[in-house]
Amino acid sequence: MKYDKTVLYREMESFYLTTTEDEGDDLRTVRSMMGGLVRKARKAIPAEDNVKEKIHKLLQLMYGDWGFYCDRETYFRAENLYLSYVLRTKQGMPVSLGCILLYLAEKLDLPIYPVLFPTQLILRADVEGETAFIDPWNGNYVSRDDLQKLYQGAFGFGATLTAEDLAIADPKELTERFAQLAKSTLIREELNSAALKYIESRLRWKKIVNKSEDPYERRDRGLVLAQMGAYHAAVEDLQFFVEHCPDDPTAYMLMAQLPEMKKEISGELLN
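Right, here's the structure in full:
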């Protein structure tokens, strides 16, 4: 079965529709801009070029001619998760720039795929039995030795990178990784309303697919509700998570925090 490289793009579209008040007007603009990039790429990359040359030229187009980049000063901002912002400013984070590059690869039929590397999204190009890794931060090729150093930076000296760490990402795991990044970014910036909308949409969808509630989504909703001061509803969600995932490291922290939240509820009732 052909790997669908637009899975991440569709999840980012869903994120945009769920977390904004816009009813799709800007989404039409995004789709038009993405289509424009596809047309420019097809015009600039000769059909007779070999696959390696096409990939090189696509990277040059995106990061050179078109000027897409990541800014370390604004790397973690929520705006970098919205394709409308990224396409207009040419600024994003690895997941959003990687999303655009994967979309173009799908339309140009180029063998570029996502890798769920521990520190950030990495891309891999598989051509004629060889694999090259691409950093969507800047479009540069990155060696396996460099990836090993990044891996040790994340997990400590002596940690060994495996083939599984560099495998093509499972589409479901890819969208889950994006969702976790999106939720944590919104929560950190206290964009609670947007975070709540996104989490509740995922709760509804997972309940339909799995026929049960996802305790991790309940946990995340509880954290947002607590941040909003809705302690009664927050306690219900967090208690649900602790009961269903008692061995999770987060559960131990929540066990210590829940009594304080219950005190807040008691204080509200007394007042």
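Under UniProt numbering, read the sequence shown as residues 1 to 271, first letter to last.
Every residue gets a Cβ at the ideal spot worked out from N, C-alpha and C, and that includes glycine.
Computed from a predicted structure; not experimentally measured.
Review point. Cα separation between T162 and E200?
Key: If you draw a straight line from the Cα of T162 to the Cα of E200, it is about 36 Å long.
Practice item. Using DSSP bridges, identify the partner residues of N140. Key: DSSP output for N140 lists D135 as bridge partner(s).
Point to revise | Residue range of the unbroken alpha helix (DSSP H) whose run includes I122 | key: I122 -> not in any alpha helix (DSSP H); beta strand (DSSP E) instead, spanning 121-127.
**Study point:** Buried versus exposed call for Y141 [16 or more other C-beta atoms within 10 Å across all chains shown]
**Key:** For Y141, the number of other beta carbons within 10 angstroms of its own is below 16, and it is reported as exposed.
Point to revise | Spatial neighbours of E213 in its chain, beta-carbon cut-off 7 Å, leaving aside the 5 residues before and after | key: Contacts found: L203, K207.
Exercise for review: Would you list the one or two residues that DSSP bridges to V115?
Suggested key: BP columns for V115 point to I122.
Point to revise | CA-to-CA distance, K57 to T74, given in whole angstroms | key: So the alpha carbons of these two residues sit roughly 27 Å apart.
**Study point:** Residues near A195 in its chain [Cβ-Cβ closer than 7 Å; skip 5 each side]
**Key:** Within the same chain, A195 has close Cβ partners K183, L186, I187, V224.
Check your understanding: Do the stretch 108-119 and the stretch 165-174 touch if we need at least three Cβ pairs shorter than 8 Å?
Key -> The stretch 108-119, when compared against the stretch 165-174, does touch it at the 8 Å Cβ threshold.
Practice item. Would you decide whether E53 is buried or exposed? Buried here means 16 or more other CB atoms lie within 10 Å of its CB. Key: Answer is exposed; the Cβ neighbour count stays below 16.
Review point. So, are the CB atoms of residue 277 and G153 less than 8 Å apart?
Key: Nothing about residue 277 can be reported from this structure: the residues present for the chain run from 1 to 271 only.
Check your understanding: Do you know how far the Cα of E13 is from the Cα of R218?
Key -> A straight line joining the alpha-carbon of R218 with that of E13 spans about 23 Å.
Review point. Beta-carbon separation of L104 and V38 under 8 Å?
Key: Going by C-beta atoms, L104 is nearer than 8 Å to V38.
Exercise for review: Check the C-beta distance from P215 over to F241 and give it rounded, since I have them as a contact under 8 Å.
Suggested key: Going by Cβ atoms, the distance from P215 to F241 rounds to 5 Å, so yes, they are a contact pair.
Practice item. Mind listing, in chain order, the continuous alpha helix (DSSP H) runs of no fewer than 4 residues lying wholly within the stretch 182-259? Key: Within the stretch 182-259, the complete alpha helix (DSSP H) runs of at least 4 residues are 192-210, 215-227, 231-244.
Exercise for review: Report yes or no: do three or more beta-carbon pairs, one from the stretch 129-138 and one from the stretch 18-34, lie closer than 8 Å?
Suggested key: They do not touch, by the three-pair rule.
Check your understanding: Mapping DSSP to helix, strand and coil, what is E164?
Key -> Correct three-state label for E164: helix.
**Study point:** Cβ pair L258, Q239 closer than 8 Å
**Key:** Contact: yes.
**Study point:** Counted within 10 angstroms of its Cβ, other Cβ atoms place D146 as buried (16 or more) or exposed
**Key:** That one is exposed.
Exercise for review: In angstroms with no decimal places, state the Cα-to-Cα distance between F155 and E23.
Suggested key: Annotation: F155 to E23 spans about 42 Å, alpha carbon to alpha carbon.
Exercise for review: Can you say whether A256 is buried or exposed, counting buried as having 16 or more other CB atoms within 10 angstroms of its CB?
Suggested key: Burial state of A256 is exposed, judged by a 10 Å Cβ sphere holding fewer than 16 other Cβ atoms.
Exercise for review: Keeping to the same chain, check which residues put their C-beta closer than 7 Å to that of I55; ignore five residues upstream and five downstream.
Suggested key: Excluding residues within five positions, the ones whose Cβ falls inside 7 Å are L110, I112, A125.
Review point. Per DSSP, what kind of secondary structure is G98 in: helix, strand or coil?
Key: The three-state secondary structure of G98, taken from DSSP, is helix.
Point to revise | Residues bridged to G156 [DSSP beta-bridge criterion] | key: In the DSSP output, where bridge partners are listed per residue, G156 has none listed.
Point to revise | Endpoints, alpha helix (DSSP H) assigned at G36 | key: Where G36 is concerned, the enclosing alpha helix (DSSP H) stretches over 25-44.
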